[in-house]
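A.B. asks: The structure under discussion is supplied below as structure tokens; questions concerning it will follow.
Numbering (our numbering), first residue to last: -12 to 271.
What follows is the structure, given as structure tokens:
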């Protein structure tokens, strides 16, 4: 496993790849052994072979007026239902060319829970990320649905700006960017909630913060085999890997209302209060 200053074993680069200056999301599809990348400047979704290297062109390009894409910075893959979700639009996973979406979603989708047939999205943000809370809604919810099934939001959640998110084993794993200016404030972390959580509830666990190493989390993924959470940090210009066996052992369950949940393992005593004050400030 790569660590420190290890060099890459392969690079996908060059004009024929059609990759642009900025890639805000890269997904690996382990079922099809493919790499999926949104190209926001070309209003396209590019798919490469998993073994692609050098100046190798994509094997599929989702692009054209029928797609209705406007320049996505994120994409979600549903391996079970063979779907690709971006910009509130759902496409077949193998869509290629100028293909229309098969349906639209009422809210932004950050992750899919195929076991429970649910989507996890963000609230309060204008794009693929950036909301101050998480919402859970039915995968087949009509495009005109006005309310999600559940919403995780409020000062106790400590969510300031939701970034990339994954769902595994009934757990929602979400990056939170607490930096709202150039000044570091120690409020960033990766939080874990149950897919059944609702309301102003604290995370079951926090990873890499608050008041720890993570500064500006962007990419996020999980390695089930090694029971790790992998986070890319924009400020550190690095990739951080955390061993978190707890979220791979037991499925997410409803929080015990009397106990108040499992608590925030990585946070200091004063951090929740800091978050509550900061959260109220940005909300007002």
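No residue lacks a Cβ here, since even glycine has one placed at the ideal position from N, Cα and C.
Among 16, 174, 134, 24, which residue has its Cα nearest to the Cα of residue 58?
C.D. replies: The sequence position of residue 58 within the chain shown is 71, counting from 1. Of the listed residues, the one whose Cα sits closest to residue 58 is 24.
A.B. asks: Taking the alpha helix (DSSP H) that residue 233 belongs to, which residues open and close that run?
C.D. replies: Translated into positions along the chain shown, residue 233 becomes position 246. Note, residue 233: alpha helix (DSSP H), 233 to 236.
A.B. asks: How close, in whole Å, do the beta carbons of residue 44 and residue 4 come, if the pair is a contact with beta carbons under 8 Å?
C.D. replies: On the chain shown, position 57 is the one that residue 44 refers to. On the chain shown, position 17 is the one that residue 4 refers to. Right, their Cβ atoms sit about 6 Å apart.
A.B. asks: Is it true that the region 223 to 239 meets the region 28 to 40, where meeting means three or more beta-carbon pairs spaced less than 8 Å apart?
C.D. replies: The region 223 to 239 is not in contact with the region 28 to 40.
A.B. asks: Determine the DSSP secondary structure at residue -3, reduced to helix, strand or coil.
C.D. replies: Along the chain shown, read from residue 1 onward, the residue named residue -3 stands at position 10. If DSSP states are grouped into helix, strand and coil, residue -3 belongs with coil.
A.B. asks: State yes or no: is the C-beta of residue 193 nearer than 8 Å to some heavy atom of the ligand GDP?
C.D. replies: The ligand GDP is absent from the structure shown, which contains no ligand whatsoever.
A.B. asks: Indicate the three-state DSSP secondary structure (helix, strand or coil) for residue 76 in the structure shown.
C.D. replies: The residue labelled residue 76 in the question sits at position 89 within the chain shown. Correct three-state label for residue 76: strand.
A.B. asks: Counting pairs of beta carbons, one from the region 134 to 144 and one from the region 194 to 211, are three or more of them closer than 8 Å?
C.D. replies: Counting Cβ pairs under 8 Å, fewer than three are found: no touch.
A.B. asks: Please state whether the Cβ-Cβ distance between residue 65 and residue 88 is less than 9 Å.
C.D. replies: Numbered from its first residue, the chain shown carries residue 65 at position 78. Numbered from its first residue, the chain shown carries residue 88 at position 101. Not closer than 9 Å, so no.
A.B. asks: Work out the CA separation of residue 186 and residue 128 for me, nearest whole Å.
C.D. replies: In the chain shown, residue 128 corresponds to position 141, counting from 1. In the chain shown, residue 186 corresponds to position 199, counting from 1. Near 20 Å, if we compare the C-alpha coordinates of residue 186 and residue 128.
A.B. asks: If I follow the unbroken beta strand (DSSP E) through residue 179, where does it start and stop?
C.D. replies: Here the question's residue 179 lines up with position 192 in the chain shown. Where residue 179 is concerned, the enclosing beta strand (DSSP E) stretches over 176 to 181.
A.B. asks: In its own chain, which residues sit with a C-beta less than 8 Å from the C-beta of residue 56, not counting the 5 before and 5 after it?
C.D. replies: Mapped onto the chain shown, residue 56 falls at position 69. The answer, listed in chain order, is 30, 31, 32, 49, 50, 73, 74, 76.
A.B. asks: Would you identify the three-state DSSP class for residue 54, choosing helix, strand or coil?
C.D. replies: Translated into the one-based positions of the chain shown, residue 54 becomes position 67. In this structure, residue 54 counts as helix in the three-state DSSP scheme.
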